[in-house]
Structure formats: C-alpha cells, structure tokens
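Notes follow once the structure below has been shown.
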C-alpha cells in the first residue's frame, strides 16, 4: 500500500506541474496511470486446447463490452495465438475473422500446392511413390521429427503478426504478453517474454510429434501444455492482482472412448495437461475468476477448426454467465477510453515499409545462395509485398530440399529490410521412397508391381538430382537418371537416364475383333535430354533415345517368331500441367504434344514418324467436378513396329476392356468424367462415372467415327497415402465388361 501511495503522490505532483491538478485538464496518460495505480491489475490466462481456443475470442468480446482493462496476458498453445493477436492490437472481431479465413486443412500440411511445384516435382506423381519419405544423411536412414514441420503455419503467424514484427520486448506490445512453451529436454516450463513474437507463439503450440519443435536460445521447445496449459502463475508473476483464467482444454477420455493405441496416447498426453491445469486452478483465489466454456456440450473437439464461429459464440455466452462478477472489474467509459489511449495500438502506429533497403538470404543448407535467390522476385528498393515474398518462399520450398523457409523484417540504423532464412532438412535432402501398384480386372488376370527409388540431391551447383528407380513385378524397370539444371533458376536443363524396361504388347485384329498375339518386350538403353522449363506450368525438351531390345511371343500362332530390335529416335516434347491434383483435379489442365522420329541413321531398326497429342481439363463447383479429355495419335507412314504401337483399353481408356487390349498405328479417344466428393476427411473419397469413345486402327483409311467404340464406367475412388485407389465397373458397347480394382496409376 505504501508503494501505491508513493506512486500516486508522484503522479499527482507531475500532473500539478503540467496542468495544476490531475482531475482538471490532466493528460489522458497521467489520468490513466493514476487510475491504473488505484485499481487492481488484471491478468488474463488463456489455456491451450486446439480449435477450442476460438472460445477465447468470445471471452475477449465480453471483457471489452464490460470495459474491463486487461493489464497482462499469458497464453499457452492456441491461447498463445489468441493472446498474441489481442496483445498486439487486433480486436476480437478481427481475430475472429482471421481464424475463419485461415484454410486450416491447408495450413496443417507441409505439402506445396501442386500448382506451385516445379514441373520436375509434378512429374513425380507419375511414379506413384509414397510422398512421405525418409531421408538419407551421413550414411543413415533418418525420419523427420514430426508429422508437420509447420512451414505454412509459420507463414500465417508471420503475416498476422507482421505489424509488430520488430517488437522484440513483449512488454512493449499494447498489452504485456507471455507465451508458454516446454523444454523438451527437461520437461520444464519456458516463459517467452522477448524475441521473435511469431516464433514464440509457434513454439508454444508445437504439439510433440505432430508439429516440429522450435529452437530458441539454445533450447528445443514444444507445446506449453506439457508443462503449464493454463498459465495462471505466469500472469501472477507479471504483476496481476486478479486473474481471469479461461480453460478450454480437452477433458480426459472415458473408458469407452479409449478404443485404440491412438486413444491410449491421447489419454496419456491428456494426463500431463490436465494435471498441470488442475494445479493452476487450485492456485486461484476468491478474487480470481475461472471461465470454462461448455464446448463439450456442442461436441467441439481440438481439431474442429472449421467450427470457430460456434466456439466463439460459446465462449461469449460462458463469459456473459459471469457478468455480475466481471462487471465489478469494469471501469467507466471515460476511464476505459483513457486506458486505451495509454496503451496505443502498435498496429496503427507502425509506419509501413515503403522500400526494402536490403534483402538477404540466411542460408543454412548445402543449396547455393544463387538457387534460393532465383526463386524470389523481391529486390532491394522494392516495396514490401508479402504476397510476392510468400510466393518466392513457396517456389523455394517447392524445390523439395528444405525443412523450413521463413522470413523476418529487420531494422538497422533506420533502414528496413527482409531476411529470408532457409533451413535444410535435418533428416537429409537425399531420400528413399517406396510404392505399390496393383491392377486387377476380375477374371482376366492382375498386375502387381513393387517400386522403390533412391534420390541423391543436391547434385551439382544448381541443385540437380540423381535418382535410381526400381520396379519389380509384371512390368520390370531399373533406371538410373540424372537431372541437371544449367542455371540457378533451373530454367534450362540437361539430363539422361540409363536402364532396363520390360512391357507387354498385344497385336489386335480389328476386322476379327480379337487379339492375335502377345509380345513380352524388353529394352536396355539410354536417353539424353535437353530442355527448358516454362515456369511451373510447362516444359519443352528434345530427347534422343537409343536402346537395344527383344520381343518374345508369349501368346500367338506358331508361325509368329521372336525378334530383336534397335531403338534410335529423336523426340520433341511439349507439356503443360496446371492440375491441382494429378488424379483427382478440381481445376487446371494437362496436355502434351510429342513429335517422334525414328531413323536407321540414329541406330533404329526401322524408320517411322509419329505424332501424339493429349489434352484434358477440369472444372468444379463445390463437391462436383467435370473433366474432359482427348487423345489423338498417328503413325505417319503406318510402319511402326510392334514395340512402338499405340495401345488402348482399360479403365477410362475404353472401360470394360482389358488394359492395353487394343493396339494400332492410329488411336483416337474422347473422354468425359463426372466426379463427386463424398467426404471432408483427410482421405478424400469420390464417386463418379465416365463416358468414353475411341478405338485403334492400323490403316488411316479405316479411321471412321462409326468404328469408334462407346464405353463407360461407374467408380468409387479414394486419394490414399499409398496412391489413388479405384473400384470400378466398366462396359464397352455391352459386349466387354470388367470390374477393376486398382491401386496406383489407373491409366
């Protein structure tokens, strides 16, 4: 009490010197300081609880409506996010809007959106290898430390907190703030009070195993809920006389709810969180207030981020249930206005960065600075454009070499600039991958292939790669390939591969409508490539293909003989790919044009020329998608050998026929498809139907629309971590029908 009276006396003297008296004509800041010294200091403790934390926003709305001045805020996990946004000057309505605008499904994955990947990375989809892959480092196989590194989530936090990014002391925010994390090495609470605010918030909600830990000041930090999920003690230490604690943590599971090992793990984690929460609640005094929004009654879980509006409303109602108690903490409208004036909003006072004085790369990787810089369209002298900056980060991250790429604004002697920090994958940039492919048309046999790949990168100065791919099963492959960009922007490239491949070809008698023979072909050879990437959407390349091979008759008339062949051809290839998903797209287009010239002078057994054109596009609305496509192929002189014939048949390529049942010198196919998404969970499931019209021909004068075969299919599909999974019924002209089960590329 003596200290408080001394403060009042000092303020009174200062006010008298300025205006004669505090109560008449005194500056608002002095009045607010005097009033703050007279009233109890109020601290707000916001607990963690995932998506349930949106309820904190509803509580903040009520506190503002009742004009309750908040002097301190401490938050854990989701509470740290809401607390930081509010402490940095955002209103409850602005926070609510931000939570609802975030695409949480997108944020909680590190995968670069497909339409933002390099063209090289898009081609990986054709290999049907599992995208989650262990790394290779120091001769060992290593795994990531978490399911999600948090690349996109970090950028969301950075953008939301950008106006206060240069505030390093959290006491200098509009409201003094603390984020609570846990030291993974000791299990002890770590209270973050200074540094990078976005990084502190990110550390506070780094759920172990789910989100990657954050290194700060030599400590590896994870979610604060492990040590102090409801940081009452923290706001008390900050100076709070009265604590308003909001507990939105998830309750423990009942015995009936524990049905798997995941339930057991969740319950064990819940014990840690619940126990420390209860200890904090026990420290509350009669002057404090505990608000527990009844989120369980609405069935809102920690993962229901799309229900933030409901959670906010529940939090608001829960706070209003304590109106009588809270009202006693409120101040008059004039006093509240002075409180706000004494706590200026740094978001409103922050001057925009008109021009960047410097743009620097903080490179913690084996990738050259030049390769990283080439992905950015941001230069010194440019205005700060967060969209352009994040676009460059997305391109650099899409190269596939980095664990995380972020940025921060820095001020140096009055000059403002941006520092981009690139962190190499701690588990290794090189990788191992595996894949599984299954194709069966019940009653007509099945194909099974097991694949794997080893990719060594960076290969060369411009982050190329050396990949070796193996496939064992019905179709065998062993190919080792080098991809070598010629410039840091990876616009021009050379490459090549060497390997063995085997495939099954069928000869088809169009007149008799029956298969004449089956050939098992194999080849050993090499390809050389030179090309240009067209941003992320396309590619042009020239390829020389040289190989030796043989074709063995496995089914056919006795007079058919095995034969050897040589391949020597040049190909000019152009491709575009803007699909957002290779097998289940909702937008974009996919196309290619190939001009192939086989010549004896290039080492081939025979001369022939071919043209192959593919194009498909998709449009969608909500859960509905319509997709259409055309494939046209022709051999100009109709003299292509068996191993170079065009093949048709199978799911989506005249459904009802066996895969590659038809072959010929010419091919035409039209396809239309409707697809409907059945769910919103992590593994999307679809139902759909297709209509197809096409055929193959051996002579150009036989090509007629009336000879085209009409086919269709009905299917169920799922986009699984192992690849696309299809179950389909197909029928061609009422004669040929099949039920397909496919895992991996269906066509």
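Residue numbers (the UniProt record's numbering): 1 to 747. Yeah, the Cβ is synthetic: ideal placement off N, Cα and C, and Gly gets one too.
- Ranked by how close their Cα comes to the Cα of residue 565, the residues 525, 593, 456 have 525 in first place.
- In the same chain as residue 421, and ignoring 5 residues on each side of it, the C-beta atoms closer than 6 Å to its own belong to 362, 406, in chain order.
- Uninterrupted beta strand (DSSP E) stretches at least 3 residues long and entirely within the segment 239-317 occur at 242-246, 289-291, given in chain order.
- If one requires a minimum length of 3 residues, the beta strand (DSSP E) runs lying completely within the segment 634-689 are 646-648, 662-664, 666-677, in chain order.
- Counting C-beta pairs closer than 8 Å gives fewer than three between the segment 186-196 and the segment 85-101, which falls short of the contact rule.
- By the CB criterion at 8 Å, residue 532 and residue 578 fall outside the cutoff.
- Secondary structure note for residue 602: it is in no beta strand (DSSP E), with a DSSP letter that is neither H nor E.
- Going by C-alpha positions, residue 40 is about 21 Å away from residue 86.
- Taking C-beta separations shorter than 6 Å and ignoring five residues to either side along the sequence, the partners of residue 563 in its chain run 551, following chain order.
- The alpha carbon of residue 600 has as its nearest neighbour, out of 614, 235, 567, the alpha carbon of 567.
- Only buried fits residue 50, as 16 or more other CB atoms lie within 10 angstroms of its CB.
- Annotated as proximal: residue 654 and residue 709, with beta-carbon spacing under 8 Å.
- Cβ-Cβ distances below 7 Å link residue 663 to 505, 506, 507, 508, 645, 646, 647, 696 in the same chain, with the five nearest sequence neighbours on each side left out; the list follows chain order.
- Per the C-alpha coordinates, the member of 637, 588, 641, 247 positioned closest to residue 604 is 641.
- Note on the segment 417-461: there is no whole alpha helix (DSSP H) run with a minimum of 4 residues.
- The count of Cβ pairs closer than 8 Å, one atom from the segment 100-112 and one from the segment 151-163, reaches three, so the stretches are in contact.
- In the structure shown, residue 133 adopts coil according to DSSP, grouped into three states.
- Contiguous beta strand (DSSP E) elements confined to the segment 89-161 occur at 135-137, 140-142, taking only those with 3 or more residues.
- The count of Cβ pairs closer than 8 Å, one atom from the segment 319-339 and one from the segment 72-86, stays below three, leaving the stretches out of contact.
- Contact between the segment 56-75 and the segment 241-249 is present, with at least three C-beta pairs closer than 8 Å.
- Shown here for residue 537: same chain residues with a beta carbon closer than 7 Å to its own, the five before and five after excluded, namely 576, 577, 578 in chain order.
- Residue environment: residue 174 is assigned as buried (16 or more neighbouring CB atoms within 10 Å of its CB, all protein chains considered).
- Remark: C-beta atoms of residue 273 and residue 229 approach each other more closely than 8 Å.
- Proximity to residue 291 across 63, 370, 474 peaks at 63, based on C-alpha coordinates.
- DSSP, reduced to helix, strand and coil, places residue 392 within a helical segment of the structure shown.
- Within the DSSP bridge table, the entry for residue 594 names 573, 612 as partners.
- Between residue 632 and residue 747, the alpha-carbon positions lie close to 16 Å from each other.
- Here residue 534 carries a strand assignment [DSSP, helix/strand/coil].
- A contact between stretches requires three or more CB pairs, one per stretch, nearer than 8 Å, and the segment 730-743 meets this requirement with the segment 432-448.
- The continuous stretches of beta strand (DSSP E) do not include residue 323, which lies in the alpha helix (DSSP H) extending over residues 323-327.
- Judged by DSSP in its simplified three-state form, residue 77 adopts coil rather than helix or strand.
- Residue nearest to residue 97 within the set 88, 312, 150 is 312 (criterion: CA-CA distance).
- Just so you know, the alpha carbons of residue 137 and residue 658 end up roughly 44 Å apart.
- In the structure shown, residue 365 falls within a coil segment according to DSSP collapsed to helix, strand and coil.
- Around residue 670, the same chain offers 630, 693 as residues with beta carbons nearer than 6 Å, after the five sequence neighbours per side are excluded.
- For residue 712, there is no enclosing alpha helix (DSSP H); the residue is part of the beta strand (DSSP E) that begins and ends at 709-720.
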